Amino acid sequence: MDTKLLTISYLSSLVANCIVLLGITSLFIWIKENVQTPWIARHRDLFLVCFGLLFILFLFSEAWTNAHMSTVFIGDHWTYLNLEIIALFNLTVINRSEWQLVSTIGITIIWYFANTPTYSLQLITQVAGLVILEIIVFKLQRQLLVHAFLYSTVFVAVAGLALIVTNQIYRQQDLIAWMRQIGALIILEACCAIYGASLLKRAQQERDYEHLAKYDELTNLRNFGAFTTDLEQVYQNFVTHNVHYAIYTMDIDRFKSINDTYGHFAGNEVLTAVAQCLHDLSCNLEGTAHAYRTGGEEFTIIYVSAAQDNHEAQLISQAIQTQIGQLQFQFATDLKIRVSIGEEPVRIGDDNYLDTYKRADKSLYTSKRSGRNAVTINGETIAPTTPHL
Numbered sequence: 095m096d097t098k099l100l101t102i103s104y105l106s107s108l109v110a111n112c113i114v115l116l117g118i119t120s121l122f123i124w125i126k127e128n129v130q131t132p133w134i135a136r137h138r139d140l141f142l143v144c145f146g147l148l149f150i151l152f153l154f155s156e157a158w159t160n161a162h163m164s165t166v167f168i169g170d171h172w173t174y175l176n177l178e179i180i181a182l183f184n185l186t187v188i189n190r191s192e193w194q195l196v197s198t199i200g201i202t203i204i205w206y207f208a209n210t211p212t213y214s215l216q217l218i219t220q221v222a223g224l225v226i227l228e229i230i231v232f233k234l235q236r237q238l239l240v241h242a243f244l245y246s247t248v249f250v251a252v253a254g255l256a257l258i259v260t261n262q263i264y265r266q267q268d269l270i271a272w273m274r275q276i277g278a279l280i281i282l283e284a285c286c287a288i289y290g291a292s293l294l295k296r297a298q299q300e301r302d303y304e305h306l307a308k309y310d311e312l313t314n315l316r317n318f319g320a321f322t323t324d325l326e327q328v329y330q331n332f333v334t335h336n337v338h339y340a341i342y343t344m345d346i347d348r349f350k351s352i353n354d355t356y357g358h359f360a361g362n363e364v365l366t367a368v369a370q371c372l373h374d375l376s377c378n379l380e381g382t383a384h385a386y387r388t389g390g391e392e393f394t395i396i397y398v399s400a401a402q403d404n405h406e407a408q409l410i411s412q413a414i415q416t417q418i419g420q421l422q423f424q425f426a427t428d429l430k431i432r433v434s435i436g437e438e439p440v441r442i443g444d445d446n447y448l449d450t451y452k453r454a455d456k457s458l459y460t461s462k463r464s465g466r467n468a469v470t471i472n473g474e475t476i477a478p479t480t481p482h483l
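Under my numbering, residues 95 to 483 are what the sequence shown spells out, in order.
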């Protein structure tokens, strides 16, 4: 082939393959990181495996066409083999489903033995070694995603053995063709790795921003914005499906005195400890519950449960007071934290999602006016007692 035409063919195939690879990388990363589309989030691994298989089948068909129906190879090297190696390696890295590993191993075995005119112990050993490397890739997924040197080393091992096995089957390339083969492989994998890493980094940044928007930075509880969003959702669920819920609002008694006496760092420690206590308690309730920091020293729990009565509300409120009252702090071993609580269940007559919260907030301040460390449930104030679980 004329050198000029060969160069044009090589460069055009390289550019075309790079465009295809980056497009597929964008699709796979979008599927992997998509949380906005529920049906994709539910079947993420299945989508990755299926789209991966379709892409590999597309490459196989193009490779077969290039080998059997063209007078010369596109780019004068195994151009589609490079894409197959890169696609299988990176799919195995990003997809944690065991079906991806099964898919990768199955494709490897079927491809090599379907294209082998004669079998030899050497070829079988090499293919077995390639399968073992693919298993290692699957086991090292997390490390490969964060350590560039390890990623590069393992990729070189996988790609090198894959090319060696292919050479055992075809034995068609001379030294110059091998230079084109390896050069294209390095360029394509570098583009894929750098572009994929940038997409993953951007996705992580978006998750971080979303977390900051929904969670309180100090306590790591959901913030007031997340509270109003979740409250509206449970209210709509109540209206549509009659799923009841209750709101527990609480305020740390005399928190300003703690700040003034022990300092703001101590106050932050108290807030963090109370938040963790409420989070743990919410996780242990029979229904679905989430804790929120809805103000400076004010916290709220949304508790979704079929059973809603004053007795259960009293038990939960007393459990909150008990567990918070048992918190201990090194800066003041004799300090006991007390909270006032207001509880209100949703009612059929509520006009909107804020009505229940307004009643609970009113009940909270009724508790505080009643001597603090009190509980007001459905409008009835219970005097401070020594609570027990």
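Heads up, the beta-carbon is just placed ideally off N, CA and C, and yes, glycines get one too. These figures come from a predicted structure and were not determined experimentally.
> So does the segment 432-443 actually touch the segment 458-474, counting three or more Cβ pairs closer than 8 Å?
Replying inline: yes
> Taking DSSP as the reference, what is the three-state secondary structure of residue 240?
Replying inline: helix
> Where does residue 383 sit, in a helix, a strand or coil, going by DSSP?
Replying inline: strand
> Would DSSP call residue 169 helix, strand or coil?
Replying inline: Here the model assigns residue 169 a pLDDT of 45, short of 50, so the residue's position is not dependable, and the following value carries that caveat. In the structure shown, residue 169 sits in a helix (DSSP, three-state: H, G or I).
>> Distance cutoff 7 Å, beta carbons only. Does residue 224 sit that close to anything in chain C?
In response: Looking for chain C here will not work: only one protein chain is present.
> When burial is assigned at 16 or more other CB atoms within 10 Å of the CB, is residue 295 buried or exposed?
Replying inline: exposed
> Thinking C-alpha only, which one of 195, 445, 270 and 408 is nearest residue 474?
Replying inline: 408
> Considering residue 225, what are the terminal residues of the alpha helix (DSSP H) in which it resides?
Replying inline: 215-233
> How should residue 301 be labelled, buried or exposed, when 16 other C-beta atoms within 10 angstroms of its C-beta is the threshold for buried?
Replying inline: exposed
> When you compare only the Cα positions, how much space is there between residue 286 and residue 248?
Replying inline: 15 Å
> What is the DSSP secondary structure of residue 323, reduced to helix, strand or coil?
Replying inline: helix
> Mind pulling the alpha helix (DSSP H) runs of 4 or more residues that sit fully within the segment 345-380?
Replying inline: 349-356 and 358-378
>> Please identify the residue among 179, 319 and 239 whose C-alpha is closest to the C-alpha of residue 251.
In response: 179
> Given that a residue counts as buried once 16 or more other Cβ atoms are within 10 Å of its Cβ, and exposed if not, what is residue 469?
Replying inline: buried
> CB-CB under 8 Å to residue 225, same chain, minus the five flanking residues each way: which ones, in chain order?
Replying inline: 199, 202 and 203
>> Checking 7 Å against the spacing of the C-beta atoms, do residue 345 and residue 391 come in under that value?
In response: yes
> Are the Cβ atoms of residue 152 and residue 195 separated by less than 7 Å?
Replying inline: no
> Which of helix, strand or coil does DSSP assign to residue 341?
Replying inline: strand
> When you compare each of 388, 239, 246 and 188 to residue 521 by their alpha carbons, which one comes out closest?
Replying inline: Any question about residue 521 goes unanswered here, given that the chain covers just 95 to 483.
> To which residues does DSSP link residue 393 through a beta bridge?
Replying inline: 344 and 387
>> If you follow the alpha helix (DSSP H) that residue 434 is in, where does it begin and where does it stop?
In response: Here residue 434 belongs to no alpha helix (DSSP H); instead the beta strand (DSSP E) covers 433-439.
> Leaving out the 5 sequence neighbours to the left and right, which residues in its chain are closer than 7 Å to residue 563 when beta-carbon positions are compared?
Replying inline: Since the first residue shown for the chain is 95 and the last is 483, residue 563 is missing from the structure and cannot be characterised.
> In its own chain, which residues sit with a C-beta less than 6 Å from the C-beta of residue 157, not counting the 5 before and 5 after it?
Replying inline: 174
> Quick one: is residue 86 buried, meaning 16 or more other Cβ sit within 10 Å of its Cβ, or exposed?
Replying inline: Residue 86 lies beyond the stretch modelled for the chain, which goes from 95 to 483, so this question has no answer here.
>> Rounded to whole angstroms, what is the Cα-Cα separation between residue 220 and residue 241?
In response: 27 Å
> So what's residue 442 in DSSP terms, helix, strand or just coil?
Replying inline: coil
> Where residue 403 and residue 442 are concerned, what is the direct C-alpha to C-alpha distance, given to the nearest angstrom?
Replying inline: 15 Å
> residue 381 to residue 415, Cα distance in whole Å?
Replying inline: 19 Å
> With a Cβ-Cβ cutoff of 7 Å, do residue 181 and residue 149 count as a contact?
Replying inline: yes
> Helix or strand or just coil, what does DSSP make of residue 192?
Replying inline: helix
> Using the C-alpha atoms, what's the distance from residue 361 back to residue 131?
Replying inline: 41 Å
> Looking only at its own chain, which residues have a Cβ that is under 8 Å from the Cβ of residue 119, when we skip the five neighbours before and after it?
Replying inline: 184, 286, 289, 290 and 293
>> Quick check on the burial criterion: 16 or more other C-beta atoms within 10 angstroms. Buried or exposed for residue 107?
In response: buried
> With respect to the beta strand (DSSP E) encompassing residue 474, which residues constitute its N-terminal and C-terminal limits?
Replying inline: 474-476
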